[in-house]
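Student: Quick one: the structure is below, questions incoming.
Number of protein chains: 2
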Amino acid sequence: MGKNLTKRTEDYSKWYNELVVKADLAENSGVRGMMVIKPYGFAIWEKMQAELDRMFKETGHENAYFPLLIPKSYFSKEASHVDGFAKECAVVTHYRLKNDENGKIVVDEKAKLEEELIVRPTSETIIWDTYKRWIQSYRDLPLLINQWANVVRWEMRTRLFLRTSEFLWQEGHTAHATKSEAITEAEQMQRVYADFAENFMAMPVIKGTKTDSERFAGALETYTIEALMQDGKALQAGTSHFLGQNFAKAFDVKFATKEGKKEYVWATSWGVSTRLMGALIMTHSDDFGLVLPPKLAPIQVVIVPIYKGEEQLNTISEKVQPIIESLRKKGITVKFDNRDTHKPGWKFAEYELKGVPLRIAIGPRDIENGTIELARRDTLTKEIVKQKELVSVIDKLLVEIQESLLHKAMEFRKKHITKADTFDEFKEILENKGGFVLAHWDGSDETENKIKELTKATIRCIPLKEDSEEGSCIFSGKPSKRRVLFAKAY
Amino acid sequence: MGKNLTKRTEDYSKWYNELVVKADLAENSGVRGMMVIKPYGFAIWEKMQAELDRMFKETGHENAYFPLLIPKSYFSKEASHVDGFAKECAVVTHYRLKNDENGKIVVDEKAKLEEELIVRPTSETIIWDTYKRWIQSYRDLPLLINQWANVVRWEMRTRLFLRTSEFLWQEGHTAHATKSEAITEAEQMQRVYADFAENFMAMPVIKGTKTDSERFAGALETYTIEALMQDGKALQAGTSHFLGQNFAKAFDVKFATKEGKKEYVWATSWGVSTRLMGALIMTHSDDFGLVLPPKLAPIQVVIVPIYKGEEQLNTISEKVQPIIESLRKKGITVKFDNRDTHKPGWKFAEYELKGVPLRIAIGPRDIENGTIELARRDTLTKEIVKQKELVSVIDKLLVEIQESLLHKAMEFRKKHITKADTFDEFKEILENKGGFVLAHWDGSDETENKIKELTKATIRCIPLKEDSEEGSCIFSGKPSKRRVLFAKAY
Numbered sequence: 012m013g014k015n016l017t018k019r020t021e022d023y024s025k026w027y028n029e030l031v032v033k034a035d036l037a038e039n040s041g042v043r044g045m046m047v048i049k050p051y052g053f054a055i056w057e058k059m060q061a062e063l064d065r066m067f068k069e070t071g072h073e074n075a076y077f078p079l080l081i082p083k084s085y086f087s088k089e090a091s092h093v094d095g096f097a098k099e100c101a102v103v104t105h106y107r108l109k110n111d112e113n114g115k116i117v118v119d120e121k122a123k124l125e126e127e128l129i130v131r132p133t134s135e136t137i138i139w140d141t142y143k144r145w146i147q148s149y150r151d152l153p154l155l156i157n158q159w160a161n162v163v164r165w166e167m168r169t170r171l172f173l174r175t176s177e178f179l180w181q182e183g184h185t186a187h188a189t190k191s192e193a194i195t196e197a198e199q200m201q202r203v204y205a206d207f208a209e210n211f212m213a214m215p216v217i218k219g220t221k222t223d224s225e226r227f228a229g230a231l232e233t234y235t236i237e238a239l240m241q242d243g244k245a246l247q248a249g250t251s252h253f254l255g256q257n258f259a260k261a262f263d264v265k266f267a268t269k270e271g272k273k274e275y276v277w278a279t280s281w282g283v284s285t286r287l288m289g290a291l292i293m294t295h296s297d298d299f300g301l302v303l304p305p306k307l308a309p310i311q312v313v314i315v316p317i318y319k320g321e322e323q324l325n326t327i328s329e330k331v332q333p334i335i336e337s338l339r340k341k342g343i344t345v346k347f348d349n350r351d352t353h354k355p356g357w358k359f360a361e362y363e364l365k366g367v368p369l370r371i372a373i374g375p376r377d378i379e380n381g382t383i384e385l386a387r388r389d390t391l392t393k394e395i396v397k398q399k400e401l402v403s404v405i406d407k408l409l410v411e412i413q414e415s416l417l418h419k420a421m422e423f424r425k426k427h428i429t430k431a432d433t434f435d436e437f438k439e440i441l442e443n444k445g446g447f448v449l450a451h452w453d454g455s456d457e458t459e460n461k462i463k464e465l466t467k468a469t470i471r472c473i474p475l476k477e478d479s480e481e482g483s484c485i486f487s488g489k490p491s492k493r494r495v496l497f498a499k500a501y
Numbered sequence: 012m013g014k015n016l017t018k019r020t021e022d023y024s025k026w027y028n029e030l031v032v033k034a035d036l037a038e039n040s041g042v043r044g045m046m047v048i049k050p051y052g053f054a055i056w057e058k059m060q061a062e063l064d065r066m067f068k069e070t071g072h073e074n075a076y077f078p079l080l081i082p083k084s085y086f087s088k089e090a091s092h093v094d095g096f097a098k099e100c101a102v103v104t105h106y107r108l109k110n111d112e113n114g115k116i117v118v119d120e121k122a123k124l125e126e127e128l129i130v131r132p133t134s135e136t137i138i139w140d141t142y143k144r145w146i147q148s149y150r151d152l153p154l155l156i157n158q159w160a161n162v163v164r165w166e167m168r169t170r171l172f173l174r175t176s177e178f179l180w181q182e183g184h185t186a187h188a189t190k191s192e193a194i195t196e197a198e199q200m201q202r203v204y205a206d207f208a209e210n211f212m213a214m215p216v217i218k219g220t221k222t223d224s225e226r227f228a229g230a231l232e233t234y235t236i237e238a239l240m241q242d243g244k245a246l247q248a249g250t251s252h253f254l255g256q257n258f259a260k261a262f263d264v265k266f267a268t269k270e271g272k273k274e275y276v277w278a279t280s281w282g283v284s285t286r287l288m289g290a291l292i293m294t295h296s297d298d299f300g301l302v303l304p305p306k307l308a309p310i311q312v313v314i315v316p317i318y319k320g321e322e323q324l325n326t327i328s329e330k331v332q333p334i335i336e337s338l339r340k341k342g343i344t345v346k347f348d349n350r351d352t353h354k355p356g357w358k359f360a361e362y363e364l365k366g367v368p369l370r371i372a373i374g375p376r377d378i379e380n381g382t383i384e385l386a387r388r389d390t391l392t393k394e395i396v397k398q399k400e401l402v403s404v405i406d407k408l409l410v411e412i413q414e415s416l417l418h419k420a421m422e423f424r425k426k427h428i429t430k431a432d433t434f435d436e437f438k439e440i441l442e443n444k445g446g447f448v449l450a451h452w453d454g455s456d457e458t459e460n461k462i463k464e465l466t467k468a469t470i471r472c473i474p475l476k477e478d479s480e481e482g483s484c485i486f487s488g489k490p491s492k493r494r495v496l497f498a499k500a501y
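In order, the protein sequence lines correspond to chains A and B. The first sequence begins at 12 in my numbering and counts up by one. The second sequence begins at 12 in my numbering and counts up by one.
Shown next as structure tokens:
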């Protein structure tokens, strides 16, 4: 069983790579650093998208679409933004290919663009260039827009879902009349992301703000949600930025107030990406494969018939049909795998690998006894259930599994948040135990960078909930007003 | 009223451009040839996507995602494909920008790609490069995959939705064990597109196949659906291609048959794009603005209160609330526009412009009488309806409007399909009446090209339903076995 996955304790990174490919989630393409998202992986992403999209619309946002290619000059308009992004971009320089004298396909040098176009690494610039036309008066505000899109950021070392040169994401871009409204929006979206992470991905997250050096290029404040993976490394799962008036000034977007004055508008942007797939995988999965929370599982229940010969299969199929129908009526997704090309044992391992929350096995003896065998993917436990009680048992179990996964991840995280009061303690925790470390920091870039250099740990966030507590920086000994959250991170 | 749109009879093309912008559907961006799809336009596209996606899934397809950037060499592998596409592509040559000595942002010449990457104009090549890894045995077939994506084709003359350098679309790519299965798939998808066009867009289409010269680059057969716009020009609304074994051979994709032989697989691809937005607009809209079929309208019913002072508005709001709730329970999308920033007359014109199928006006006298005024966008007629009958009246009217729009478009098309038996007749029809012309053609590329040169009319398709009928080519006089469908086209 287990389809020969490397064990997590042996080589966590290898386990992850194998799992992503073997569970049919994604694979590397022939294009350097870019992945193919396979149908099963994409089905999970579609479920994430549907929930997020609903949440965005419920909070008043509308979807729109902006160009993929952005003129180079747009990036220069916001100084800190260009430093953060322009360095790692795909640059379009020509718009035509031709056959050379040998019939080989070459770039047509006559078709050189006057100004290079950048494949969007993020869309603030093209969107604010558009908002300049859309915003004239306070009546046009707030402008609450989201875009589902692909983006490209050139990466040297890539890993499926976690760091790829192209990824899929959503980017919200909003414009407001006042500073406080914009901050409220950025904070709201951080809460929406945390809600999604916890209630759909069953992944607990810590909400906080980024330090100066970890902040988004062009933002005044970056709100983040930070998750903890099973190997003790942190993963930034979503960010929401308060952009102040930086982009409004860069693109000259002013509005007439009710009093007739002209003022620059206030902005936010926020995004989550296919990186969440990586987070989902690493939060719950085990040495047998993927473990999916029921709310995001493309298949929630799989039924595997145990039979010899067509007659037995027919009897089972007849028995199973009304069960399938009752489950579907309750909105539960069921697959009846009656393929004769594979044996039950192979199928069991396959659905364990793919993280299907519940597996039903039903054979001739079950038909006689009016029972079925029900297996839980998260606990790998089995029970015998009466067929007539099956639907209500499944209905309850799906809720229980969803809760149990969150609970388990919460417990794991609780065990892996450690306070450190000296730098030695800090290093010792990072090396042996991993996880989040709460420690005092003097607030300077210099100390932050030194700690990063020496330990590879970064400040994941200044937690919203951490109480203020006087102390001294673990590195410099200088005074500190509160602990911040350190970790090695993806 | 009418927000000062140019009239269709005055300048159809200008009318279209104004309508797209004024009804908040799309606008040109700062990037040459690329559009911004505005929230209202995107909401219509989302409705189209949702229906199409459901239809694709019902016919057994799954979604996946493939890389945006494709190595240049992939295009060379299928000879006719590269001729059709490689000439009009955005080419990525570098992966980094840098600041020059003056602080200006320039391309970093050190970061030149060894092999150029092409922004996908369509994905056959990258997908077949992937299918090579996915297909080994007959058990892996059929492979039925769809992708929702953006594509870039460099265009010199662009028009919003109809011809843009970047557009959104879906592209299905399937692989089959036999030729006949692949042909069946390609034909099925043509029917799915025709079904969507007629039953959701209320746009009748003619199904047929393309001639050699109009066929997709790399296909053996292209199935098309052709619609007729109000100005008498045709619009290709969707195509489905039988690709034979061309891509399987180019990318060496073979499968082991049940008998253990190795054979090349058979392929199809099929797509519709945001071009459908243009088709939708031009099929139904009038001089007052957009006309939307209820099934694709983001707002199906708008309620405009007619009031003086807050007290009257409150009375109306109270009365309207249960109506809104009953409509929503029936799945009808309602907007209550109680903004005090605009007068009722302005709102009426606004929702006419935006094509909302039904408009309710309700004032103090209606409150007294227990009535409302109900206006139909498609016919611009009004009626007084009793409030207690309103929900059932609206329910029926939405169905009626949907049907009536299709009927009207059918009637228009019927009047604009003309048979021509001589070339003079042919030219006369094209010049004065427009629309589709059914005429005999000798089957040669040469004649087709000559006719195109002289009249700008192309063969839209060889209709599936046209009876065989002996005759002689209107241009060459040579024998012909059936009439084909000519038109000037978008």
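We treat Cβ as the ideally placed atom computed from N, Cα and C, and that holds for glycine. Because the structure is a prediction, the values reported are computed rather than measured.
Helix, strand or coil: how does DSSP classify Asn443(B) here?
Tutor: Within the second sequence, the letter at position 432 stands for residue 443(B). It is helical.
Student: Determine the extent of the beta strand (DSSP E) in which Pro474(A) is found, giving its start and end residues.
Tutor: For the purposes of this step, residue 474(A) is taken as the residue at position 463 of the first sequence. Where Pro474(A) is concerned, the enclosing beta strand (DSSP E) stretches over 469 to 474.
Student: Any residues in the stretch 339 to 353 of chain B with a beta carbon nearer than 7 Å to a beta carbon of chain A? Which ones, in chain order?
Tutor: Result list: Thr352.
Student: What number of angstroms, rounded off, separates the C-alpha of Gln332(B) from the C-alpha of Phe359(B)?
Tutor: Here residue 332(B) refers to the residue found at position 321 when the second sequence is read from its first residue. Here residue 359(B) refers to the residue found at position 348 when the second sequence is read from its first residue. Put simply, the backbone Cα of Gln332(B) is about 20 Å away from that of Phe359(B).
Student: For the alpha helix (DSSP H) that contains Phe4(B), what are its first and last residues?
Tutor: With chain B running from 12 to 501 in the structure shown, residue 4(B) is simply not present.
Student: My assumption, with CB atoms under 8 Å, is that Asp140(A) sits in contact with Phe262(A). Please give the rounded CB distance.
Tutor: Within the first sequence, the letter at position 129 stands for residue 140(A). Within the first sequence, the letter at position 251 stands for residue 262(A). The beta-carbon separation of Asp140(A) and Phe262(A), rounded to 6 Å, stays under the 8 Å limit for a contact.
Student: Counting only runs of 3+ residues fully inside the stretch 140 to 212 of chain B, write out the beta strand (DSSP E) ranges in chain order.
Tutor: 154 to 163, 177 to 187
Student: By the criterion of Cβ-Cβ separation under 7 Å, what are the contact partners of Glu48(A) in chain B?
Tutor: By 1-based counting over the first sequence, the position of residue 48(A) is 37. One point to set straight first is that residue 48(A) is Ile, not Glu, in the sequence displayed. Within chain B, the residues near Ile48(A) are Ala75, Tyr76.
Student: Could you check the C-alpha separation between Val302(A) and Asp389(A) for me, to the nearest Å?
Tutor: Taking the first sequence and counting its residues from 1, one reaches residue 302(A) at position 291. Taking the first sequence and counting its residues from 1, one reaches residue 389(A) at position 378. So the two alpha carbons sit approximately 6 Å from each other.
Student: Closer than 7 Å between beta carbons: that is the criterion. Which residues of the stretch 92 to 106 of chain B meet it against chain A?
Tutor: Val93, Ala97, Lys98, Glu99, Cys100, Ala101, Val102, Val103, Thr104, His105, Tyr106
Student: Starting from the N-terminal side, write out each stretch of the alpha helix (DSSP H) that is 4 residues or longer and does not extend beyond the stretch 66 to 112 of chain A.
Tutor: 83 to 86, 90 to 96
Student: Give me whichever residues DSSP pairs with Thr233(A) in a beta bridge.
Tutor: As a working note, residue 233(A) is residue 222 in the first sequence. The partner list for Thr233(A) (beta bridge, DSSP) reads His252(A).
Student: Straight-line CA distance for Lys272(B) to Arg150(B)?
Tutor: Against the second sequence, residue 272(B) aligns to sequence position 261. Against the second sequence, residue 150(B) aligns to sequence position 139. If I take the Cα positions, the gap works out to 13 Å.
Student: Rounded to the nearest angstrom, what separates Gly13(B) and His184(B) at their Cα positions?
Tutor: The residue you call residue 13(B) lines up with position 2 of the second sequence. The residue you call residue 184(B) lines up with position 173 of the second sequence. Note that Gly13(B) has pLDDT 49, beneath the 50 cutoff, so the model's placement of it is unreliable and the number below is only indicative. If I take the Cα positions, the gap works out to 44 Å.
Student: Mind pulling the chain B residues with CB within less than 8 Å of Asp151(A)?
Tutor: Within the first sequence, the letter at position 140 stands for residue 151(A). Those do not exist, as Asp151(A) stays about 11 Å from chain B at its closest Cβ, beyond 8 Å.
Student: I want to see whether chain B comes within less than 8 Å of Leu301(A), judged by CB atoms only; does it?
Tutor: Sequence index remark: in the first sequence, residue 301(A) carries index 290 (1-based). The beta carbon of Leu301(A) sits no closer than 8 Å to any beta carbon of chain B.
Student: With Ala228(B) and Val315(B) assumed to form a contact (beta carbons below 8 Å), what rounded beta-carbon distance in angstroms separates them?
Tutor: In the second sequence, counting from the first residue as 1, residue 228(B) sits at position 217. In the second sequence, counting from the first residue as 1, residue 315(B) sits at position 304. Incorrect: roughly 51 Å between the Cβ atoms, too far for contact.
Student: At what residues does the alpha helix (DSSP H) containing Arg503(B) begin and finish?
Tutor: Beyond the ends of chain B as shown, which are 12 and 501, falls residue 503(B); an answer cannot be given.
Student: Express the C-alpha separation of Lys33(A) and Asn74(B) in angstroms, rounding to a whole number.
Tutor: To locate residue 74(B), count along the second sequence from 1; it is residue 63. To locate residue 33(A), count along the first sequence from 1; it is residue 22. About 18 Å.
Student: Considering Thr466(A), what are the terminal residues of the alpha helix (DSSP H) in which it resides?
Tutor: In the first sequence, counting from the first residue as 1, residue 466(A) sits at position 455. Note, Thr466(A): alpha helix (DSSP H), 456 to 466.
Student: Rounded to whole angstroms, what is the Cα-Cα separation between Met167(B) and Arg43(B)?
Tutor: Looking up residue 167(B) in the second sequence gives position 156. Looking up residue 43(B) in the second sequence gives position 32. If I take the Cα positions, the gap works out to 9 Å.
Student: Going by DSSP, which residues form a beta bridge with Tyr275(B)?
Tutor: Translated into the one-based positions of the second sequence, residue 275(B) becomes position 264. According to DSSP, which records beta bridges pairwise, Tyr275(B) is partnered with Lys265(B).
Student: Comparing C-alpha positions only, which one of Ser24(A), Asp432(A), Ser224(A) sits nearest to Ser491(A)?
Tutor: Translated into the one-based positions of the first sequence, residue 491(A) becomes position 480. The shortest Cα separation from Ser491(A) among Ser24(A), Asp432(A), Ser224(A) belongs to Asp432(A).
Student: Among Ala213(A), Gln247(A), Arg131(A), Gln323(A), which has the Cα closest to the Cα of Phe172(A)?
Tutor: In the first sequence, counting from the first residue as 1, residue 172(A) sits at position 161. Per the Cα distances, Gln247(A).
Student: Using a Cβ-Cβ cut-off of 8 Å, state whether Met45(B) counts as contacting chain A.
Tutor: Translated into the one-based positions of the second sequence, residue 45(B) becomes position 34. Yes, its Cβ sits closer than 8 Å to a Cβ of chain A.
Student: Nearest by alpha-carbon distance to Thr20(A): which of Met240(A), Asp298(A), Ile378(A) is it?
Tutor: What you label residue 20(A) is simply residue 9 of the first sequence in a count that begins at 1. Of the listed residues, the one whose Cα sits closest to Thr20(A) is Asp298(A).
Student: Evaluate contact between the stretch 96 to 113 of chain B and the stretch 99 to 114 of chain A, counting only Cβ atoms and requiring at least three cross-stretch pairs below 8 Å.
Tutor: yes
Student: So, with DSSP's three-state summary, where would you put Met45(B)?
Tutor: If you number the second sequence from 1, residue 45(B) lands on position 34. Note: Met45(B) maps to coil in three-state DSSP.
Student: For a contact meaning CB atoms closer than 7 Å, what does Thr185(A) contact in chain B?
Tutor: Numbered from 1 along the first sequence, position 174 holds the residue referred to as residue 185(A). Those do not exist, as Thr185(A) stays about 12 Å from chain B at its closest Cβ, beyond 7 Å.
Student: DSSP three-state label for Thr326(A), please.
Tutor: One-based indexing of the first sequence puts residue 326(A) at position 315. Three-state DSSP puts Thr326(A) in a helix.
Student: Just the chain B side, please: which residues come within less than 8 Å of Asp298(A) by C-beta, in chain order?
Tutor: Within the first sequence, numbered from 1, the residue matching residue 298(A) stands at position 287. Correct list: empty, because the minimum Cβ distance to chain B is about 25 Å.
Student: If you pair each beta-carbon of the stretch 44 to 59 of chain B with each one of the stretch 76 to 94 of chain B, do three or more pairs fall below 8 Å?
Tutor: Too few Cβ pairs lie closer than 8 Å, so no.
Student: I believe Leu504(A) touches Lys365(A) by the beta-carbon criterion, under 8 Å. Please report the beta-carbon distance rounded to the nearest angstrom.
Tutor: Outside the displayed range of chain A (12 to 501) lies residue 504(A), so it cannot be described from this structure.
Student: Answer with buried or exposed for Val495(B), where buried requires no fewer than 16 other C-beta atoms within 10 angstroms of its C-beta.
Tutor: Stepping through the second sequence from its first residue, residue 495(B) is reached at position 484. Within 10 angstroms of the beta-carbon of Val495(B) lie 16 or more other beta-carbons, which makes it buried.
Student: Helix, strand or coil: which one does DSSP assign to Gln60(B)?
Tutor: Here the question's residue 60(B) lines up with position 49 in the second sequence. In the structure shown, Gln60(B) sits in a helix (DSSP, three-state: H, G or I).
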